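In terms of the working numbering, the sequence shown opens at residue 2 and continues consecutively. The C-beta atom is built at its ideal place from N, Cα and C for all residues, glycine as well. Since the structure is predicted, the reported quantities are computational estimates derived from the model, not experimental observations. To start, the structure under review is shown below, and the notes come after it.
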Amino acid sequence: MKRNRMFLIALVGLFLVGGCSTYTEPLIQVGTLQGLLAGEYEGTVTLKDLPGSGWYGMIGLGTFDALDGEMVIIDGVCYRVPTTGHVTVMKPTDTTPFANVACIDHASEWNMWEHDVTDYASLKKYVLSQIDDPTRPYAIRIDARFASVKTRSVPKQSKPYRKLIDVVKTGQVVFDIDPDPKGWLDAPGTIVGFYFPPSFKGVNVVGFHLHFLTADRSAGGHLLDFKYNWTKNPAKIQLAPLDKKIRWVGKKGEVRESSHEEIKAIEQGK
Ligand SMILES: [Zn+2]
């Protein structure tokens, strides 16, 4: 009896500590990839209505009203990387048409340098090998000193909105974040994002969708590639399974058929 009571007290304690619980966390979702592809850029949800704002362990990505730059959420702080590259912290009253947010407080952790991860392709391979249930979404966070990082951002749009594929093809700006191309200086920073299973097609990018921000919060964007030199630097990969059921904020998304080429173009920035 006494043991049962202790267990109950411990359980209550878990709910009271911090922002995130120890149970499988939900994927919090605003809008759909399909809506974004079709040019639905109007912000529908204010940032203050995204659960977990300001909480340690909350990560996320997306974009803002009028497709005004790339969203990167690290520890509950929402940053924007516009095409000028000048990173700003967003206001709670700013809005988003598309975002994915989740808690990654209780994740499995690995050292990147122990697993031959040297770039985006080898990272995907390694993370896939660690995913127990490929029918589930996963939240991913990597803190490392990167040799270099390649990202992109998209320019703010005005109405009538063009389709996302046209914006990416004609207007995206690519950033090569490399503080010292010939030397030994690194780009310390954080990659955050998600693995989405095939059942999430249309709602999100199937496979990996990651964004990046430097440790000094001066550069970042939608991740296209990175280089990591394992001989020099420790680096931590965190991976947390999420609920299969999406927690919608704002209107529940509906999915129609969408073009494979369009999704590929958005993911890879070409
Ligand atoms: Zn992105």
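Collapsed DSSP secondary structure at residue i in the structure displayed
i, result
"residue 113", "helix"
"residue 250", "coil"
"residue 99", "strand"
"residue 122", "helix"
"residue 6", "Annotation note: pLDDT 48 at residue 6 (below 50); position unreliable, coordinate value reported separately. Here residue 6 sits in helix by DSSP."
"residue 78", "strand"
"residue 49", "helix"
"residue 42", "coil"
"residue 242", "strand"
"residue 154", "strand"
"residue 93", "coil"
"residue 186", "coil"
"residue 256", "coil"
"residue 54", "coil"
"residue 67", "helix"
"residue 27", "strand"
"residue 73", "strand"
"residue 128", "helix"
Residue environment, residue i, which counts as buried when at least 16 other CB atoms sit within 10 Å
i, result
"residue 122", "exposed"
"residue 94", "exposed"
"residue 135", "exposed"
"residue 106", "buried"
"residue 138", "buried"
"residue 210", "buried"
"residue 129", "exposed"
"residue 151", "buried"
"residue 186", "exposed"
"residue 118", "buried"
"residue 82", "buried"
"residue 205", "buried"
Supposed close pair residue i, residue j - CB separation, criterion 8 Å
i, j, result
"residue 35", "residue 256", "6 Å"
"residue 1", "residue 215", "Limits of the chain in this structure are 2 at one end and 271 at the other, which puts residue 1 out of reach."
"residue 32", "residue 41", "7 Å"
"residue 103", "residue 132", "Residue 103 to residue 132, Cβ: 15 Å. No contact."
"residue 252", "residue 45", "7 Å"
"residue 177", "residue 149", "7 Å"
"residue 190", "residue 147", "6 Å"
"residue 169", "residue 225", "Not quite, the Cβ-Cβ distance comes to about 11 Å (not below 8 Å), so this is no contact."
Residue i, enclosing alpha helix (DSSP H) - first and last residue
i, result
"residue 159", "Here residue 159 belongs to no alpha helix (DSSP H), and DSSP marks it neither H nor E."
"residue 34", "34-38"
Run of the beta strand (DSSP E) containing residue i, from where it starts to where it stops
i, result
"residue 171", "Unbroken run through residue 171 is the alpha helix (DSSP H), 165-172; no beta strand (DSSP E)."
"residue 61", "59-64"
"residue 225", "221-228"
"residue 213", "208-215"
"residue 146", "139-147"
Between the stretch 54-68 and the stretch 151-160, are three or more C-beta pairs nearer than 8 Å?
-> They touch, by the three-pair rule.
Segment contact flag, the stretch 138-152 with the stretch 233-250, C-beta cutoff 8 Å, min 3 pairs | For the pair of segments examined, the stretch 138-152 was found to touch the stretch 233-250: the number of CB pairs separated by less than 8 Å reaches three.
Quick one: any contact between the stretch 162-171 and the stretch 185-201, if contact means 3 or more CB pairs under 8 Å?
-> No: the two stretches stay apart, fewer than three of their Cβ pairs being nearer than 8 Å.
Can at least three beta-carbon pairs, one atom from the stretch 176-183 and one from the stretch 97-104, be found at a separation below 8 Å?
-> Proximity of the stretch 176-183 to the stretch 97-104 falls short of the contact definition, fewer than three beta-carbon pairs being nearer than 8 Å.
At least 3 beta-carbon pairs within less than 8 Å: the stretch 74-89 vs the stretch 48-55 = Touching, yes, given that three or more Cβ pairs across the two stretches are closer than 8 Å.
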